[in-house]
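Take a look at the structure set out below.
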Amino acid sequence: MIALFIMIPAAAAFMIALAGKMHRRVPQAVSVLATGSLFILSIACIVMMAQASSAGRAPILIFRTGNWLPPAGIPLIIDALSAFMLAVMNLIAVSVAVYSISYVKKYTDTWKFYTLFMLMVSGINGVLLSGDIFNMYVFLEIAAISGYFLVAFGTEAEELEASFKYAVMGSVASIFILLGIAFLYSRTSTLNLAGIASAVSAMDPNEGVLLLISVLFLMGFGLKAALVPFHGWLPYAHSSAPAPISAMLSGVSIKVLGIYALARIFFNVIGMSPAVSGVIIALAVISMLAGSILAFGQTDIKRLFAYSSISQIGYVALGLGIGTPLGIMGALFHLCNHSVFKSLLFLNSGAIERVTGTRDLGRMHAVASEYPVVGYTNLIASSSICGIPPLGGFWSKLIIIFACMQAGRPALAFIAVAVSALTLAYYFKALTPALFGASGLAESRARADLPLSMAGPMLLLAVLSIIGFIMLMPNTANKLLKDASSVLSEGNSYARTVSDTFIPPADTARTPKARGGLK
Amino acid sequence: MITYMLCLVLFLVGLYCVLRKRNLIKIIIGIGIMDYAVNLFLVLIGYRSGGRAPIFSKDQVISNMVDPLPQAMALTAIVIGLSLTLLLVSVAIRIYDRYGTFDITKIDRLKG
Numbered sequence: 001m002i003a004l005f006i007m008i009p010a011a012a013a014f015m016i017a018l019a020g021k022m023h024r025r026v027p028q029a030v031s032v033l034a035t036g037s038l039f040i041l042s043i044a045c046i047v048m049m050a051q052a053s054s055a056g057r058a059p060i061l062i063f064r065t066g067n068w069l070p071p072a073g074i075p076l077i078i079d080a081l082s083a084f085m086l087a088v089m090n091l092i093a094v095s096v097a098v099y100s101i102s103y104v105k106k107y108t109d110t111w112k113f114y115t116l117f118m119l120m121v122s123g124i125n126g127v128l129l130s131g132d133i134f135n136m137y138v139f140l141e142i143a144a145i146s147g148y149f150l151v152a153f154g155t156e157a158e159e160l161e162a163s164f165k166y167a168v169m170g171s172v173a174s175i176f177i178l179l180g181i182a183f184l185y186s187r188t189s190t191l192n193l194a195g196i197a198s199a200v201s202a203m204d205p206n207e208g209v210l211l212l213i214s215v216l217f218l219m220g221f222g223l224k225a226a227l228v229p230f231h232g233w234l235p236y237a238h239s240s241a242p243a244p245i246s247a248m249l250s251g252v253s254i255k256v257l258g259i260y261a262l263a264r265i266f267f268n269v270i271g272m273s274p275a276v277s278g279v280i281i282a283l284a285v286i287s288m289l290a291g292s293i294l295a296f297g298q299t300d301i302k303r304l305f306a307y308s309s310i311s312q313i314g315y316v317a318l319g320l321g322i323g324t325p326l327g328i329m330g331a332l333f334h335l336c337n338h339s340v341f342k343s344l345l346f347l348n349s350g351a352i353e354r355v356t357g358t359r360d361l362g363r364m365h366a367v368a369s370e371y372p373v374v375g376y377t378n379l380i381a382s383s384s385i386c387g388i389p390p391l392g393g394f395w396s397k398l399i400i401i402f403a404c405m406q407a408g409r410p411a412l413a414f415i416a417v418a419v420s421a422l423t424l425a426y427y428f429k430a431l432t433p434a435l436f437g438a439s440g441l442a443e444s445r446a447r448a449d450l451p452l453s454m455a456g457p458m459l460l461l462a463v464l465s466i467i468g469f470i471m472l473m474p475n476t477a478n479k480l481l482k483d484a485s486s487v488l489s490e491g492n493s494y495a496r497t498v499s500d501t502f503i504p505p506a507d508t509a510r511t512p513k514a515r516g517g518l519k
Numbered sequence: 520m521i522t523y524m525l526c527l528v529l530f531l532v533g534l535y536c537v538l539r540k541r542n543l544i545k546i547i548i549g550i551g552i553m554d555y556a557v558n559l560f561l562v563l564i565g566y567r568s569g570g571r572a573p574i575f576s577k578d579q580v581i582s583n584m585v586d587p588l589p590q591a592m593a594l595t596a597i598v599i600g601l602s603l604t605l606l607l608v609s610v611a612i613r614i615y616d617r618y619g620t621f622d623i624t625k626i627d628r629l630k631g
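Protein sequences appear in the order of chains A and B. The numbers in my numbering rise by one with no breaks, and the one at position 179 of the first sequence is 179. The numbers in my numbering rise by one with no breaks, and the one at position 5 of the second sequence is 524.
Here it is as structure tokens:
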């Protein structure tokens, strides 16, 4: 059942490639059905894990491909963190699939768009599920290369330039990741994440190889996550991509391929040393400051949102770098919130582009009075990112700030509050004239209207951002967030849980010696 | 030991190409060289001294064999590198149609 997360989008991609040219509704129907079923499946997984943990078993699901035992086999593992992220990311995928129905009408060959989009979804799900480090790399490449193609989809000059620069920087990062995997394999002789974790915990933590591997992974995954020295590709790629793809890239790719992979490897596999958390905190602080300051002068709405993404990912990395359970919980909650808001904002920017015909903030006036759906969803998402109570972003930033104070670093808390104020400043400086300014200055041109398939996902995501604080309600949804963060905060519990819990293969004649062995 | 050093030199040559060359095609070749260096490194770390190739044959007794898993990883990485090169070259061809040049210092319409 776990393999369905990868099989459904891959099968959808191939079906669209074969049958997509027959009728223009075929790729749209297939992709909406596929992403919808993935989202329902991820909710079912969360329910199953809640049942398992309330029944006293460990909340983890393992699928061994081909029934081969590790270290020769590749397991697909859903634990609380993967289930949480699967639900959020597949929700964004459904919204983007529905939104694309009207948006891609301006391109030819729309079936290619849907094929690449479903391949990207299968890559993202694969990274979240993979229990084997090289498998994670392969799915990361699938998602990343689909992303490079999709950024260039419009084949205008600027989109091609952005795609080339993104592809070159991204592939250098992937090569660093592969080099890190090679060093890690050469030292531990296993590719299984749980196996590597147990091998690394038996090593001397000051070994030079571990330092080299940490640096290589920080560089590689840091570029995928757009932490600041490695953020150069993000304003190009996110502003030149088609709007639903910007939403996928900014709301899903940098979270999964960057932050999730970084967190999984550093918390569960290699182990966070004070040096590594110090470096992550430093990168996070620089990201928060640089993203906010660079966002001030932007006139293109999508570039503004792209720099804001850099800043908010800095918040998530700050929470992860602090490493206390409260910090990790705040980081994961902010990651979930930011996916919802930033996707909403990028879908919104596509809607604005459609109804006003421009992306330049200086030329838009009073969008909210003529198109209330667009204007007010934009207001909700921007307020939520700035941290205005009682919207969801306020709670996640509050938890991160509390975690900084609790960890004894008030300077970081002060920086987080200052960056939040800066965020408020540039969002409202940029968006208030565009959304609520005087409408007399608008040029008269033919107004396009907003189709329901574009408005629907935006409304859904706006509603979710308002009720986002439900994740913090004690004893209901709070449990999911706590389980997800405890996977990371008790790092070596991952290896223990995986080796203690498994679904036995079909043959029941198993020797006890072969039962728990992951070496 | 010397082979690892040469592998590192190859990697650095590729990295230099990506960073300093101005022609798009040379940048793509640089990424290819880095890919080859990492694949070579993967195969090198699988080497066991005195081992033979890890090919199964029915009537031979295998005493010492090199590690086959990095070779599988290298094959996968070669395929990934292939699809990446395909993407980069097709984008470069389209860029030439739009911009009329392969020089990356002139392909700069996106403002920072």
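Glycine residues also receive a C-beta, built at the ideal position from the N, C-alpha and C atoms.
Collapsed DSSP secondary structure at residue i in the structure displayed
i, result
"residue 74/A", "coil"
"residue 583/B", "coil"
"residue 512/A", "Reliability fails at residue 512/A, whose pLDDT of 37 lies under 50, so the model's placement of it is uncertain and the value that follows must be treated cautiously. Here residue 512/A sits in helix by DSSP."
"residue 547/B", "helix"
"residue 341/A", "helix"
"residue 206/A", "coil"
"residue 628/B", "coil"
"residue 130/A", "strand"
"residue 360/A", "strand"
"residue 24/A", "coil"
"residue 264/A", "helix"
"residue 62/A", "strand"
Whole-Å CB distance - residue i paired with residue j, under 8 Å assumed
i, j, result
"residue 537/B", "residue 152/A", "Not quite, the Cβ-Cβ distance comes to about 19 Å (not below 8 Å), so this is no contact."
"residue 124/A", "residue 87/A", "So it is not a contact: roughly 13 Å between Cβ atoms."
"residue 320/A", "residue 263/A", "6 Å"
"residue 349/A", "residue 305/A", "6 Å"
"residue 628/B", "residue 157/A", "6 Å"
"residue 355/A", "residue 374/A", "6 Å"
"residue 98/A", "residue 465/A", "That belief does not hold up - the Cβ atoms of residue 98/A and residue 465/A are roughly 17 Å apart, past 8 Å."
"residue 163/A", "residue 13/A", "Going by Cβ atoms, the distance from residue 163/A to residue 13/A rounds to 20 Å, so no, they are not a contact pair."
"residue 228/A", "residue 310/A", "7 Å"
Residue burial classification, residue i (beta-carbon count within 10 angstroms, cutoff 16)
i, result
"residue 141/A", "buried"
"residue 524/B", "exposed"
"residue 507/A", "Low confidence applies to residue 507/A: its pLDDT is 37, below 50, so where it sits in the model is not reliable, and the reading given next is rough at best. The residue is exposed, with fewer than 16 neighbouring Cβ atoms inside 10 Å."
"residue 576/B", "exposed"
"residue 205/A", "exposed"
"residue 432/A", "exposed"
"residue 68/A", "exposed"
"residue 503/A", "Because residue 503/A carries a pLDDT of 42, less than 50, the predicted location of this residue cannot be relied on, and the following value inherits that uncertainty. Its Cβ having fewer than 16 others within 10 Å, residue 503/A is exposed."
"residue 441/A", "Bear in mind that the predicted position of residue 441/A carries a pLDDT of just 47, short of 50, making it too unreliable to give a figure here."
"residue 378/A", "buried"
"residue 458/A", "buried"
"residue 24/A", "exposed"
"residue 446/A", "Annotation note: pLDDT 47 at residue 446/A (below 50); position unreliable, no value reported."
"residue 300/A", "buried"
"residue 487/A", "buried"
Residue from the options whose Cα sits closest to the Cα of residue i
i, options, result
"residue 563/B", "539/B, 593/B and 625/B", "593/B"
"residue 80/A", "94/A, 52/A and 361/A", "52/A"
"residue 599/B", "341/A, 144/A, 430/A and 408/A", "144/A"
"residue 168/A", "529/B, 533/B, 550/B and 586/B", "550/B"
"residue 353/A", "338/A, 371/A and 342/A", "371/A"
"residue 554/B", "532/B, 539/B, 626/B and 615/B", "532/B"
"residue 587/B", "606/B, 561/B and 614/B", "561/B"
"residue 130/A", "417/A, 369/A and 194/A", "194/A"
"residue 84/A", "455/A, 250/A, 336/A and 408/A", "336/A"
Chain B contact residues for residue i, given Cβ-Cβ distances below 9 Å
i, result
"residue 162/A", "629"
"residue 256/A", "Going along chain B, no residue has its Cβ under 9 Å from residue 256/A, so there is no contact; the nearest lies around 18 Å."
"residue 221/A", "Going along chain B, no residue has its Cβ under 9 Å from residue 221/A, so there is no contact; the nearest lies around 16 Å."
Contacts that residue i makes with chain B (C-beta to C-beta distance below 7 Å)
i, result
"residue 157/A", "617, 618 and 628"
"residue 141/A", "599"
"residue 178/A", "557 and 596"
"residue 74/A", "None at all; the shortest Cβ gap to chain B is about 11 Å."
Cross-chain neighbours of residue i in chain A, by beta carbon under 7 Å
i, result
"residue 517/B", "This structure cannot speak to residue 517/B, because chain B is shown only from 520 to 631."
"residue 633/B", "For chain B, the structure presents residues 520 to 631; residue 633/B sits outside this window and is missing."
Partner residues on chain B for residue i, Cβ-Cβ distance less than 8 Å
i, result
"residue 182/A", "557, 560, 561, 564, 589 and 592"
"residue 172/A", "534, 537, 550 and 553"
"residue 149/A", "606"
"residue 138/A", "595 and 599"
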